Amino acid sequence: DTAVSQTPKYLVTQMGNDKSIKCEQNLGHDTMYWYKQDSKKFLKIMFSYNNKELIINETVPNRFSPKSPDKAHLNLHINSLELGDSAVYFCASSQVGLIYEQYFGPGTRLTVT
Amino acid sequence: GIQVEQSPPDLILQEGANSTLRCNFSDSVNNLQWFHQNPWGQLINLFYIPSGTKQNGRLSATTVATERYSLLYISSSQTTDSGVYFCAVDSGYAGNNRKLIWGLGTSLAVNP
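As given, the protein sequences belong to chains W and Z, one line each in that order. Counting in this note's numbering, the first sequence tops out at residue 113, every number present. Counting in this note's numbering, the second sequence tops out at residue 225, every number present.
This is the structure:
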């Protein structure tokens, strides 16, 4: 049974389009995260939610909008996609306060052409 | 803020060899975690090691918090050890700004 799942696994789209990535965790965690991993493997946190409340919003363009309908789900919607948005996006979750013990989804590879 | 540096950036080993990966951090930290990202992209927790030494099979980790470094030892390496190893530390920021600060990783290739 997958602990943290993401859909889709691959996403290829054209510049200017709008797309969403979904994340679900069945670990009972209260905190969820979105990370962006660039081509050089650098992991950058984008957002963090605790029990549906946004708690970290790094300097991410406002074309990126996270939504947490409940504490088991955290979705990422991206408007007006740009070439620089191409990356692998990871969702993760952890128990409240245990930020060092994060469980990651398999990643979504986004390619913008 | 805290800086995390990992070395070496790249490492190539023959199967069976041993290796040591290093993580230096610029300030005192309460929590430190090692992760492995396999060649298929999956990120896995390896060790939570804010201080002291832990072992799990062929892997072990040591953190000397007073000297601000952590080491990950891989013994008798196998091809399945290939991937990127990340060190991440707790930012220590209070409340909602608390987050992990990640190193750039060590990319390991183990050849058969």
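By construction, the Cβ of each residue, glycine as well, lies at the ideal position given by its N, Cα and C atoms. Quick caveat: nothing in here was measured; it's all calculated off a predicted structure.
Would you please state the rounded distance, in angstroms, between the beta carbons of residue i and residue j? I believe it to be under 8 Å.
{"i": "Q37 of chain W", "j": "F104 of chain W", "result": "Actually they do not touch by this definition, with Cβ atoms about 10 Å apart."}
{"i": "E58 of chain W", "j": "I45 of chain W", "result": "6 Å"}
{"i": "V117 of chain Z", "j": "F138 of chain Z", "result": "5 Å"}
{"i": "D85 of chain W", "j": "V112 of chain W", "result": "5 Å"}
{"i": "A178 of chain Z", "j": "S141 of chain Z", "result": "7 Å"}
{"i": "K22 of chain W", "j": "T7 of chain W", "result": "5 Å"}
Tell me where the beta strand (DSSP E) around residue i begins and ends.
{"i": "I115 of chain Z", "result": "It is not in any beta strand (DSSP E) - I115 of chain Z carries neither H nor E in the DSSP assignment."}
{"i": "R135 of chain Z", "result": "S132 to F138"}
{"i": "S173 of chain Z", "result": "L172 to V177"}
{"i": "I125 of chain Z", "result": "D123 to Q127"}
{"i": "S195 of chain Z", "result": "Here S195 of chain Z belongs to no beta strand (DSSP E), and DSSP marks it neither H nor E."}
{"i": "L81 of chain W", "result": "Counting along the chain, L81 of chain W falls outside any beta strand (DSSP E), and DSSP gives it neither H nor E."}
{"i": "R181 of chain Z", "result": "Note, R181 of chain Z: premise wrong, no beta strand (DSSP E); not H, not E."}
{"i": "V134 of chain W", "result": "No statement about residue 134 of chain W is possible, as the shown extent of chain W runs from 1 to 113 and does not include it."}
{"i": "Y161 of chain Z", "result": "L156 to Y161"}
{"i": "W215 of chain Z", "result": "L213 to W215"}
{"i": "G165 of chain Z", "result": "G165 to N169"}
{"i": "T111 of chain W", "result": "T108 to V112"}
{"i": "I147 of chain Z", "result": "It should be noted that the sequence gives Trp, not Ile, for residue 147 of chain Z. Taken as a continuous stretch (DSSP letters only), the beta strand (DSSP E) holding W147 of chain Z covers L145 to Q150."}
{"i": "A222 of chain Z", "result": "T219 to N224"}
{"i": "S5 of chain W", "result": "V4 to T7"}
By Cβ distance below 7 Å, which residues in the same chain neighbour residue i in space, the five residues on each side in sequence not counted?
{"i": "K19 of chain W", "result": "L11, T13, I78 and L81"}
{"i": "I187 of chain Z", "result": "N131, S132, R171, L172 and D194"}
{"i": "E24 of chain W", "result": "S5, A72 and H73"}
{"i": "Q191 of chain Z", "result": "E128 and V223"}
Please list, in chain order, all residues of the same chain as residue i whose beta carbon is under 6 Å from its beta carbon, the five residues on each side excluded.
{"i": "L145 of chain Z", "result": "I162, P163, T176, S183 and V202"}
{"i": "Q114 of chain W", "result": "Because residue 114 of chain W is not part of the residues shown, which for chain W are 1 to 113, the question remains open."}
{"i": "K167 of chain Z", "result": "F160 and A174"}
{"i": "D123 of chain Z", "result": "S220"}
{"i": "R135 of chain Z", "result": "S120 and L184"}
{"i": "M32 of chain W", "result": "Y49, L74 and S93"}
{"i": "S68 of chain W", "result": "Y49, K52 and L74"}
{"i": "V88 of chain W", "result": "Q37, G107 and R109"}
{"i": "F64 of chain W", "result": "I78"}
{"i": "V60 of chain W", "result": "M46"}
*Can you list, in chain order, the stretches of the alpha helix (DSSP H) that have 4 or more residues and sit fully within the segment 52-79 of chain W?*
none
_Does the structure place the segment 149-159 of chain Z close enough to the segment 122-137 of chain Z that three or more beta carbon pairs sit under 8 Å?_
Verdict: no, contact absent.
*Only counting runs of 4 or more residues, tell me where the alpha helix (DSSP H) segments fall wholly within the segment 11-55 of chain W, in order along the chain.*
none
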